[in-house]
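See structure below.
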Amino acid sequence: MRGSGEEAVRTGFRTGCASRQVGGHDGSVSAAGLVRLARTTPAAVLVAGSAPPPPWAAGWRPHDLPALPGLAGYRAYLAPSAHAAPPPAP
Numbered sequence: 000m001r002g003s004g005e006e007a008v009r010t011g012f013r014t015g016c017a018s019r020q021v022g023g024h025d026g027s028v029s030a031a032g033l034v035r036l037a038r039t040t041p042a043a044v045l046v047a048g049s050a051p052p053p054p055w056a057a058g059w060r061p062h063d064l065p066a067l068p069g070l071a072g073y074r075a076y077l078a079p080s081a082h083a084a085p086p087p088a089p
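Counting from 1, position 34 in the sequence shown corresponds to residue 33 in numbering that gives the first Met the number 0; the numbering is continuous, with no gaps.
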């Protein structure tokens, strides 16, 4: 999965996913490029608290994230290409 947002690099590293930023010091893709990528590659954008997703991800599915040390209250907005993981085996 590819992620974007304020904590994308740290969260991507912890989950074994790539991260891309649409701005800031680590800007590596445009919003349009991320939307194109998300059509075929599972992608998410991370937002803090009650912040809305960016306009280009407004139709993506929200998913609350479990709290990580020093990282609580974040949500991921999942692109249509991102599918839910199967439940763990008993």
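Positions of the beta carbon are idealized from the N, C-alpha and C atoms, including for glycine.
When you compare each of the options to residue i by their alpha carbons, which one comes out closest?
i, options, result
"W59", "G48, S29 and A42", "A42"
"A71", "H62, A37 and G48", "G48"
Less than 7 Å between C-beta atoms, sequence neighbours within five positions excluded: which residues of the same chain meet that for residue i?
i, result
"L64", "Y73, R74 and A75"
Which residue comes first and which comes last in the beta strand (DSSP E) that contains residue i?
i, result
"L77", "Y73 to L77"
"R35", "Looking at the DSSP string, R35 is not in any beta strand (DSSP E); the run it does join, the alpha helix (DSSP H), is A30 to A37."
"H62", "R60 to D63"
Residue i lies in the alpha helix (DSSP H); which residues open and close that run?
i, result
"L45", "L45 -> not in any alpha helix (DSSP H); beta strand (DSSP E) instead, spanning A42 to A47."
Run the CB neighbour count on residue i, radius 10 Å, all protein chains shown included, and call it buried at 16 or more, exposed below.
i, result
"A81", "buried"
"A37", "buried"
"A50", "exposed"
"A78", "buried"
"A31", "exposed"
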